[in-house]
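According to our numbering, the residues represented by the sequence shown are 34 to 619, in order.
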Amino acid sequence: MISIKTVFVALNAKFIHSSLALRSIRKYCGKLGINIDIVEFTINNSKEFIVSEIYKMKPDVIGFSCYIWNIEMILDIISVVKKILPKVKIVLGGPEVSYEFDYLFQKNIDIVIIGEGEKTAFEVISYFNGDICDIRAINGIAFFDGKSVVVTKKGIPLELDEIPFVYDDFSMEELRNKIIYYESSRGCPYKCQYCLSSVEQEVRFLSRKRVFSDLKFFLDKSVKQVKFVDRTFNCNKKFAVDIWNFLIENDNGVTNFHFEISADIIDEDMFDVLKKARRQLFQLEIGVQSTNYDTLLAIKRNTNLDKLFKKAVRIKNFKNIHQHLDLIAGLPFEDYNSFGKSFDDVYSVYPEQLQLGFLKLLRGSGLRKDAENYGIVYNEKAPYEVLFTDKVSFDEMILLKYISEMVEIYYNSGKCVNTIKFAAGYFERPFLFFEKLTLYWIDNKYHEVSHNKMKLYTIMYEFCELHIDDIDRLKDFLKFDMFLNDNVKNFPYWLEQNDFDSTKAFAKDFFGNLENVKKYVPHLENFNPKQISRMCHIEKFSYNILKSVESDFSEDCEKENCFILFDYYGKNDLIGNSLYYYVGGK
34 MISIKTVFVA LNAKFIHSSL ALRSIRKYCG KLGINIDIVE FTINNSKEFI
84 VSEIYKMKPD VIGFSCYIWN IEMILDIISV VKKILPKVKI VLGGPEVSYE
134 FDYLFQKNID IVIIGEGEKT AFEVISYFNG DICDIRAING IAFFDGKSVV
184 VTKKGIPLEL DEIPFVYDDF SMEELRNKII YYESSRGCPY KCQYCLSSVE
234 QEVRFLSRKR VFSDLKFFLD KSVKQVKFVD RTFNCNKKFA VDIWNFLIEN
284 DNGVTNFHFE ISADIIDEDM FDVLKKARRQ LFQLEIGVQS TNYDTLLAIK
334 RNTNLDKLFK KAVRIKNFKN IHQHLDLIAG LPFEDYNSFG KSFDDVYSVY
384 PEQLQLGFLK LLRGSGLRKD AENYGIVYNE KAPYEVLFTD KVSFDEMILL
434 KYISEMVEIY YNSGKCVNTI KFAAGYFERP FLFFEKLTLY WIDNKYHEVS
484 HNKMKLYTIM YEFCELHIDD IDRLKDFLKF DMFLNDNVKN FPYWLEQNDF
534 DSTKAFAKDF FGNLENVKKY VPHLENFNPK QISRMCHIEK FSYNILKSVE
584 SDFSEDCEKE NCFILFDYYG KNDLIGNSLY YYVGGK
């Protein structure tokens with residue numbers, strides 16, 4: 034009989050995140066008769082608040098799930114907890130403490146769980162409860178025996194079906210408004226040297242029967258999004274295709290599923306499935322990291338770039354799947370110009386999200402071991418982010434950080450996507466557009482204060498005005514982006530509302546015609562014209578800009594007075610902005 038109280042603690046990076054690892058341990062231990070309480074905080078909570086909440090639970094054993102974003106805070110919290118609860122046992126687990134852990138035993142840590150945690154956590158709790166006499170009989174742990182750090186032998190990985198499904202009706206309520214994480218496999222067949230998944234080469238999968246049952250639960254509950262944490266979801270073609278087919282066949286019209294994939298290994302069978310999916314049923318995250326072949330060789334990332342980009346473009350042309358492409362700054366042999374080339378290559382796909390990350394030298398990773406050989410200098414404290422390399426100076430790294438911010442503010446947000454696609458054509462390369470915009474932003478000290486939406490559009494206009502001759506066309510694209518994101522009521526100073534009376538008359542006639550409403554906004558046909566005019570907006574443009582927008586700027590827009598309808602009650606489920614329609618021109 035378990036007589037001790039065990040509390041496992043997660044410090045998530047954001048409120049919307051949740052701890053899949055601790056839920057998995059709780060379910061596994063619960064199946065074997067051990068109850069574990071889970072409490073989740075964020076790194077934005079104060080240490081005093083976290084300590085007081087833990088203290089009120091009066092635990093005998095506290096476990097912490099450790100990652101690069103929370104380890105420093107966890108160690109500070111433990112130093113206080115051990116003073117107010119001197120008899121409590123402290124257990125750490127997670128990727129951040131599975132390597133180079135000797136220093137932890139100078140900080141009041143009793144046991145470190147190395148690697149996979151479910152079975153090991155059960156045995157550790159059993160040991161503290163007195164059910165296991167010899168701590169050395171527990172595989173996959175490290176502890177200090179009074180003289181030295183003892184590391185027991187590695188445990189045998191579990192069959193994944195042995196771990197119960199972590200979610201139920203209670204947890205769905207508990208996780209309302211949070212991201213739901215799901216794991217259908219563990220391990221990765223690749224050896225990328227910046228990633229800890231490369232250490233565990235064996236890939237284990239849940240049975241299809243189990244996966245289909247788990248996913249049916251999410252579909253029945255109409256969960257908004259399920260994020261697969263599998264490191265390379267499509268490394269097993271048959272497994273991936275079967276799951277994608279199941280989700281398409283059982284689609285509830287609501288739930289979205291996010292996968293990390295390797296795009297270059299997508300084949301015709303996968304394409305045949307993906308193109309059938311409902312718009313926004315799937316999101317695909319594709320790690321490019323770099324397009325410098327020397328860099329890819331050094332980090333042991335076996336990627337066929339030509340295939341990757343061709344296949345990403347093909348998926349883009351399906352117009353039903355959101356793609357998120359990643360780059361990492363600070364990798365070996367990648368200098369500032371080379372990174373700019375990698376940026377241009379990725380940008381050419383026009384992904385819905387272009388993520389600029391910065392190398393983290395994780396404990397246990399190959400790049401951390403080889404950092405000196407590659408001239409990589411990094412912060413000694415978590416998250417161990419690169420400061421500079423022998424190829425990228427600290428000044429250049431700072432500039433890349435600001436460029437990353439510009440990409441987030443104007444591109445990834447969807448705020449100025451079409452304006453950027455148009456304006457970048459006036460620069461030698463897209464990367465130079467973002468570089469110049471960043472320098473303009475810094476020179477005007479815009480980085481020192483926050484800005485509202487209209488100010489952000491004005492900054493973009495004033496920057497483009499310095500570099501672009503075709504101001505009228507620029508204004509149309511910027512106006513289009515503005516209305517795509519917001520039902521703008523007050524125009525900025527640089528954008529006159531031409532022909533206001535004729536536009537208003539056109540809109541009144543348009544919404545007063547029931548056939549128009551049924552054709553373009555049928556979900557609003559029960560509202561009267563005045564109500565619909567508040568839910569939608571019709572704006573007049575001097576160019577038929579949709580010709581460029583809908584061809585991904587492979588075609589030029591022509592001068593033509595045209596009216597575009599923006600539907601704010603019918604969101605574009607691929608990019609998250611309003612729906613829009615060409616509804617007339619003259």
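All C-beta atoms, glycine included, are put in the ideal place defined by N, C-alpha and C.
| query | result |
| --- | --- |
| Using a threshold of 8 Å, state whether the C-beta atoms of Lys-64 and Pro-197 are closer than that. | yes |
| Between the stretch 43 to 52 and the stretch 95 to 104, are three or more C-beta pairs nearer than 8 Å? | yes |
| Can you name the residues that DSSP bridges to Val-419? | Tyr-411 |
| For Pro-92, count the other beta carbons within 10 Å of its own beta carbon; 16 or more makes it buried, fewer makes it exposed. Which is it? | buried |
| Within the same chain, show all residues whose beta-carbon is closer than 6 Å to that of Ile-69, passing over the 5 residues directly before and after it, in chain order. | Thr-39, Phe-41, Arg-59, Cys-62 |
| When DSSP labels each residue in this structure, what does Asn-451 get in the three-state scheme? | helix |
| With a cut-off of 8 Å, do at least 3 Cβ pairs link the stretch 288 to 306 to the stretch 344 to 361? | yes |
| What does the alpha-carbon distance come out to for the pair Ile-24 and Trp-474? | This structure does not reach residue 24, given that the chain is present from 34 up to 619, and the question cannot be answered. |
| So, for Gln-388: in the same chain, excluding its five sequence neighbours on each side, which residues have a beta-carbon less than 6 Å away from its beta-carbon? | Asp-359 |
| With distances taken from CA atoms, which of Ser-398, Tyr-443, Ile-76, Asp-284 is nearest Asp-253? | Asp-284 |
| Determine the direct distance from the alpha carbon of Asn-546 to that of Pro-463, and round the result to whole angstroms. | 44 Å |
| Below 8 Å between beta carbons: does that hold for Leu-392 and Tyr-227? | yes |
| Under a three-way DSSP split, which group does Asn-370 fall into? | helix |
| Would you kindly work out how many angstroms separate the C-alpha atoms of His-480 and Phe-351, rounded to a whole number? | 38 Å |
| Kindly give me the distance between the Cβ atoms of Ser-581 and Glu-588, rounded to whole angstroms, as I take these residues to be in contact under 8 Å. | 6 Å |
| Can you have a look at Leu-499 and say buried or exposed, based on whether 16 or more other CB atoms are within 10 angstroms of its CB? | exposed |
| Tell me where the alpha helix (DSSP H) around Gly-127 begins and ends. | It is not in any alpha helix (DSSP H) - Gly-127 carries neither H nor E in the DSSP assignment. |
| Around the Cβ of Leu-330, are there at least 16 other Cβ atoms within 10 angstroms (buried) or fewer (exposed)? | exposed |
| Using the Cβ count rule (16 or more neighbours within 10 Å means buried), how would you classify Gln-139? | exposed |
| From the DSSP secondary-structure annotation, give me the bridge partner or partners of Thr-324. | Answer by DSSP bridge pairing: none, since Thr-324 is not bridged. |
| Examine the Cβ distances between the stretch 481 to 492 and the stretch 424 to 436 and report whether three or more of them are shorter than 8 Å. | no |
| Note down, in chain order, each residue of its chain lying with its Cβ closer than 7 Å to the Cβ of Lys-333, except the 5 sequence neighbours on either side. | Lys-224, Cys-225, Gln-226 |
| Measuring CB atoms only, is the stretch 164 to 175 touching the stretch 139 to 154, in the sense that at least three cross pairs come out at less than 8 Å? | yes |
| Please report the residue range of the beta strand (DSSP E) in which Val-182 lies. | 182 to 184 |
| Taking the alpha helix (DSSP H) that Ile-95 falls in, what are its first and last residues? | Counting along the chain, Ile-95 falls outside any alpha helix (DSSP H), though it belongs to the beta strand (DSSP E) covering 94 to 98. |
| List the whole-angstrom C-beta distance separating Tyr-601 from Cys-569, where the pair is believed to meet the contact cut-off of C-beta under 8 Å. | 6 Å |
| Please list the segments of the beta strand (DSSP E) lying wholly inside the stretch 289 to 354, counting only runs of 3 or more residues, in order along the chain. | 289 to 294, 315 to 322 |
| Roughly how far, in whole angstroms, is the beta-carbon of Val-425 from the beta-carbon of Asp-368, given that I think they are within contact range, below 8 Å? | 6 Å |
| Who are the near neighbours of Val-72 in its chain, counting only those whose CB is closer than 8 Å to its CB and skipping five residues on each side? | Val-40, Phe-41, Val-42, Ala-43, Glu-86, Ile-87, Met-90 |
| Helix, strand or coil, according to DSSP, for Tyr-214 in the structure here? | strand |
| Skipping 5 residues on each side, what residues in its chain have a beta carbon closer than 7 Å to that of Tyr-411? | Leu-394, Ala-404, Tyr-417, Glu-418, Val-419, Leu-420 |
| For Arg-311, which residues in the same chain have their Cβ closer than 8 Å to its Cβ, ignoring the five residues on either side in sequence? | Ile-281, Asp-284, Gly-286, Asn-353 |
| For Met-493, which residues of its own chain have a beta-carbon under 7 Å away from its beta-carbon, when the five flanking residues on both sides are left out? | Tyr-443, Cys-449, Thr-452, Leu-511 |
| Would you kindly work out how many angstroms separate the C-alpha atoms of Gly-373 and Leu-465, rounded to a whole number? | 8 Å |
| Should Arg-169 be labelled buried (16 or more other beta-carbon atoms within 10 Å of its own) or exposed? | exposed |
| Is it the case that the Cβ atoms of Val-130 and Ile-95 are separated by a distance below 8 Å? | no |
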